[in-house]
Amino acid sequence: MKKIFLAGEWVLGQGKPTVSYFPADGTKNDEFSTASVEQVDEAVRKAHQAWQQPEWRFSLPSQRARVLWKVAELIEARVEELAALQTRDNGKPLSETRGLVMSAAQTARYMASVLDTLDEELTNQRASDTLTLSVYEPLGVVAAITPWNSPIASEMQKIAPALAGGNAIVLKPAELTSLVALRLAELFEEAGLPKGLLSILPGKGSVVGNALVQHHLVRKISFTGGTNTGKQLAHVAAERLISTSLELGGKSPTVVLEDADLELAVNGVIYGIFSSAGQACIAGSRLFVHQSRYDEFVARLVEKTNRLRVGHPEDPATQVGPLIDENHLRGVDAYVQQAKAEGGQVVTGGHRVTGNGLDQGSYYAPTVITGLSNSATVCQEEIFGPVLVVMPFESEQELVSVANQSVYGLAAGIWTENYRKAWQLARLLDVGTVWINTYKKFSISTPFGGFKQSGVGREKGRHSILSYMQQKSIYIGLDSTPNPWCEG
Ligand code: NAD
1 MKKIFLAGEW
11 VLGQGKPTVS
21 YFPADGTKND
31 EFSTASVEQV
41 DEAVRKAHQA
51 WQQPEWRFSL
61 PSQRARVLWK
71 VAELIEARVE
81 ELAALQTRDN
91 GKPLSETRGL
101 VMSAAQTARY
111 MASVLDTLDE
121 ELTNQRASDT
131 LTLSVYEPLG
141 VVAAITPWNS
151 PIASEMQKIA
161 PALAGGNAIV
171 LKPAELTSLV
181 ALRLAELFEE
191 AGLPKGLLSI
201 LPGKGSVVGN
211 ALVQHHLVRK
221 ISFTGGTNTG
231 KQLAHVAAER
241 LISTSLELGG
251 KSPTVVLEDA
261 DLELAVNGVI
271 YGIFSSAGQA
281 CIAGSRLFVH
291 QSRYDEFVAR
301 LVEKTNRLRV
311 GHPEDPATQV
321 GPLIDENHLR
331 GVDAYVQQAK
341 AEGGQVVTGG
351 HRVTGNGLDQ
361 GSYYAPTVIT
371 GLSNSATVCQ
381 EEIFGPVLVV
391 MPFESEQELV
401 SVANQSVYGL
411 AAGIWTENYR
421 KAWQLARLLD
431 VGTVWINTYK
441 KFSISTPFGG
451 FKQSGVGREK
461 GRHSILSYMQ
471 QKSIYIGLDS
481 TPNPWCEG
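Numbered per the UniProt record's numbering, the sequence shown spans residues 1 to 488.
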C-alpha cells in the first residue's frame with residue numbers, strides 16, 4: 001500500500017484506501033492510502049511551522065532557487081520513468097506524457113531563474129525626508145488542488161512558484177492520478193527541500209480537498225479543475241478572504257477564415273481537439289469555418305480524422321489514447337447522443353473503439369458533428385473528450401458574436417494568411433489565450449488563464465511567483481529633526 005507524503009514523512013494515510021488503474025486495459029497500477037481530515041490538519045499545521053522558520057521565510061531567493069534547479073535536473077534525468085508512470089496513471093500516450101514531464105522540468109527551471117533575478121522596488125519618492133520601498137513576502141501555506149488530465153505539468157505549475165515565493169504548499173492531486181505527485185515529492189526530498197514545506201495528500205475532493213481549503217491556516221487556494229468545483233472554492237475563499245487562482249474549464253472556438261491555408265488549418269484543428277483524446281481544458285471543440293471553404297474543409301477534416309491511430313498509449317504509433325475511465329466514456333457518449341437528438345449529424349466517430357486489444361480500455365473514436373448551431377448543448381457544455389462540432393459562418397462580425405456566446409473564455413484558434421485580420425479578431429475574442437496559425441502550443445514564460453467562467457488569475461510567466469506573495473510597503477524616515485506637530 002502506497003504511503004502519503006505528510007510534511008516530509010512517508011506515512012500510511014488514515015483515509016479510505018484507493019486504487020490507481022491503467023486506463024488502457026483496466027489493470028491495477030497500485031493501491032494507495034489517502035489522507036484523513038486529521039492528517040490534513042496535521043499537514044497544514046506543520047507546513048505553517050515550516051514556513052515560519054526564518055531559514056525558509058527569510059531565505060535568500062538564490063537559496064530557494066537552488067532547490068528548484070536541482071528538482072529540474074532530477075526530473076530531466078528521469079523523463080522516461082516519469083512519463084511511463086503518468087501514462088499508466090491517466091492513459092495519455094507516451095509521446096504526450098514525455099512532453100508534460102519536460103514541461104514540469106522547464107517550469108521548475110524557469111521559476112528558479114525568475115526568482116533569482118526578481119527585483120523589489122524602491123518606489124518613486126514623494127517626499128525628501130522619507131524613503132519608500134515595496135517588498136514581496138510569502139503568503140504562508142498554499143492549498144493546491146489539481147485535476148487528472150495533465151498532473152505532472154499542472155502540479156509543478158503550482159509547486160514551483162509557491163515554493164519560489166517562500167511559501168509552504170499542501171497539494172491534493174486528483175483521485176484518479178496521484179502517483180506522479182507522490183513521485184515528485186521524492187524528488188523534492190532528494191533535492192533537499194526542508195521538511196514540512198511540501199505535503200502530497202491523495203484523497204477525495206469532498207473530504208481531503210474540502211478540509212484543506214477550509215483550514216484556517218491556509219492563505220491561498222490554487223486550483224485547476226472544473227468550473228463548478230472552482231465556483232465552490234471561490235465561495236470558500238470569499239468567506240475566508242483569502243486569495244485564489246482558478247484555472248477552469250473551456251469550450252474553445254477555432255475559426256478558419258476564407259483565406260486560410262487549409263492544409264495547415266486541418267492539421268492544427270485535428271491536433272487541437274483530438275490530441276489527449278480531447279481531454280484538455282483548451283481543446284478546440286467548436287470549429288467555425290467560412291461558408292466558402294466549409295464543404296472542402298469538412299471533407300479534408302473527416303478524411304484525416306479517419307486516419308488517426310487510436311490505440312494503446314504505450315504504442316509509439318498511437319495518436320489518440322483511451323479516455324480516463326468508463327464513467328467518463330459514458331459521459332462523452334451521452335453528449336454525442338444528445339447532439340443527435342438535437343439534430344446533429346455525426347459525420348465520423350460517435351462510438352467506442354474495440355478490437356485489436358482495445359476491448360478492456362475506454363477508447364472513443366474521434367468524432368466530428370455537423371448540422372448544429374452554437375446554442376446546441378454540445379456547443380455550450382464542456383465535453384472533455386474527442387468531439388468536435390463544425391459550423392459554417394458568413395461574416396466575421398457574426399462570427400465574433402457567436403464565438404463569444406459561451407460562458408467559457410479559455411482559448412481560441414485563428415487560421416488565416418491575413419495577420420492584420422488575425423490581430424483584430426484576436427483582440428475581439430473574449431478568451432485568455434489566442435493561437436494564430438498554431439494551436440495548443442505552450443510557453444512557460446507566457447501567462448495562461450481564462451476569461452469569464454474559465455478562471456481567475458494567471459499561471460506561468462514572470463509574475464506568477466508574485467501571485468504567491470504579498471506586497472509590504474516600508475517607509476524609512478530620513479529626517480533627524482523631531483516631528484514639529486507635537487511641539488506646543
Ligand atoms: P474536478 O473539478 O472534478 O476536480 C478537480 C480537483 O478538484 C480534483 O482533485 C478533485 O478531487 C477536487 N475537488 C472536487 N471537489 C472538491 C471540493 N468540493 N473541494 C475541494 N476539492 C475538490 O475536475 P476534473 O474532472 O478532475 O478535471 C477536469 C476539469 O479540469 C475540466 O473542466 C478541465 O477543463 C479543467 N482543467 C482546466 C485547466 C486550466 O488550466 N484551465 C487545466 C486542466 C483541466
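We treat Cβ as the ideally placed atom computed from N, Cα and C, and that holds for glycine.
Is residue i near the ligand NAD, in the sense that its beta carbon is under 6 Å from a heavy atom of that ligand?
{"i": "W148", "result": "yes"}
{"i": "G284", "result": "no"}
{"i": "G206", "result": "Residue identity differs from the one stated: residue 206 is Ser in this sequence, not Gly. Answer for S206: yes, Cβ within range of the ligand NAD."}
{"i": "I383", "result": "no"}
{"i": "C281", "result": "yes"}
{"i": "I145", "result": "yes"}
{"i": "A174", "result": "yes"}
{"i": "S278", "result": "The residue asked about is misnamed: residue 278 is Gly in this sequence, not Ser. Result no, Cβ not under 6 Å from the ligand NAD."}
{"i": "Q380", "result": "no"}
{"i": "L217", "result": "no"}
{"i": "E247", "result": "yes"}
{"i": "T97", "result": "no"}
{"i": "N210", "result": "yes"}
{"i": "Q157", "result": "no"}
{"i": "Q232", "result": "yes"}
{"i": "G225", "result": "yes"}
{"i": "T177", "result": "no"}
{"i": "T377", "result": "no"}
{"i": "K229", "result": "Checking the sequence, you will find Thr at residue 229 rather than Lys. Yes - the ligand NAD has a heavy atom lying nearer than 6 Å to the Cβ of T229."}
Across which residues does DSSP place residue i in a beta bridge pair?
{"i": "F451", "result": "G409"}
{"i": "H328", "result": "Answer by DSSP bridge pairing: none, since H328 is not bridged."}
{"i": "E163", "result": "The residue you asked about is not Glu; residue 163 is Leu in the sequence shown. In DSSP, L163 forms no bridge with anything."}
{"i": "G461", "result": "None, per the DSSP bridge assignment."}
{"i": "R98", "result": "DSSP lists no partner for R98."}
{"i": "R88", "result": "The partner list for R88 (beta bridge, DSSP) is empty, contrary to what the question assumes."}
{"i": "H351", "result": "BP columns for H351 are empty, so no partner."}
{"i": "A168", "result": "V141"}
{"i": "L287", "result": "T254, V390"}
{"i": "S473", "result": "S134"}
{"i": "I200", "result": "F5, L171"}
{"i": "Q345", "result": "T370"}
{"i": "L122", "result": "L133"}
{"i": "V71", "result": "Note: V71 sits in no beta bridge, so no partner."}
{"i": "V456", "result": "L246"}
Kindly give me the distance between the Cβ atoms of residue i and residue j, rounded to whole angstroms, as I take these residues to be in contact under 8 Å.
{"i": "G457", "j": "A24", "result": "At roughly 35 Å, the Cβ-Cβ gap does not stay under 8 Å, so G457 and A24 are not in contact."}
{"i": "S252", "j": "S285", "result": "6 Å"}
{"i": "L429", "j": "V407", "result": "Rounded, the Cβ-Cβ distance is 15 Å, inconsistent with contact."}
{"i": "V402", "j": "V368", "result": "Their Cβ separation, rounded to whole angstroms, is 19 Å, which puts V402 and V368 out of contact at 8 Å."}
{"i": "T254", "j": "G272", "result": "6 Å"}
{"i": "residue 495", "j": "R219", "result": "Residue 495 is absent from the structure shown; the chain starts at 1 and stops at 488."}
{"i": "G355", "j": "P202", "result": "Actually they do not touch by this definition, with Cβ atoms about 35 Å apart."}
{"i": "P138", "j": "R57", "result": "6 Å"}
At 4 residues or longer, what runs of the alpha helix (DSSP H) sit wholly inside the segment 7–47? none
Counting Cβ pairs closer than 8 Å, one from the segment 35–47 and one from the segment 236–249, do we hit at least three? no
Would you say the segment 284–303 touches the segment 443–463, given that touching needs at least three Cβ pairs under 8 Å? no
Counting Cβ pairs, one atom from each stretch, are 3 or more of them under 8 Å apart for the segment 115–123 and the segment 196–212? no
Inside the segment 362–448 only - beta strand (DSSP E) runs reaching at least 3 residues: 367–370, 387–393, 411–415, 433–436
So within the segment 205–281, which uninterrupted beta strand (DSSP E) runs reach at least 3 residues, ignoring any that extend past its ends? 218–224, 243–247, 253–256
Counting Cβ pairs closer than 8 Å, one from the segment 310–324 and one from the segment 358–373, do we hit at least three? yes
If contact is defined by three or more beta carbon pairs under 8 Å, each pair taking one atom from either stretch, is the segment 329–347 in contact with the segment 366–377? yes
Under 8 Å, with one C-beta from each stretch per pair, do the segment 406–426 and the segment 258–265 reach the 3-pair mark? yes
Any beta strand (DSSP E) of 3 or more consecutive residues that is wholly inside the segment 130–164: 130–138, 141–145
Is the segment 74–94 in contact with the segment 170–184, if contact means three or more CB pairs nearer than 8 Å? yes
Could you tell me whether the segment 93–105 touches the segment 122–140, where touching means 3 or more Cβ pairs closer than 8 Å? no
Cβ contact check for the segment 67–78 and the segment 183–194: 3 or more pairs under 8 Å: yes
Do three or more CB pairs link the segment 432–444 to the segment 102–119 at distances below 8 Å? yes
Under 8 Å: do the segment 15–35 and the segment 61–72 share three or more Cβ pairs, one atom per stretch? no
Three or more C-beta pairs closer than 8 Å, one from the segment 300–310 and one from the segment 344–361: is that the case here? yes
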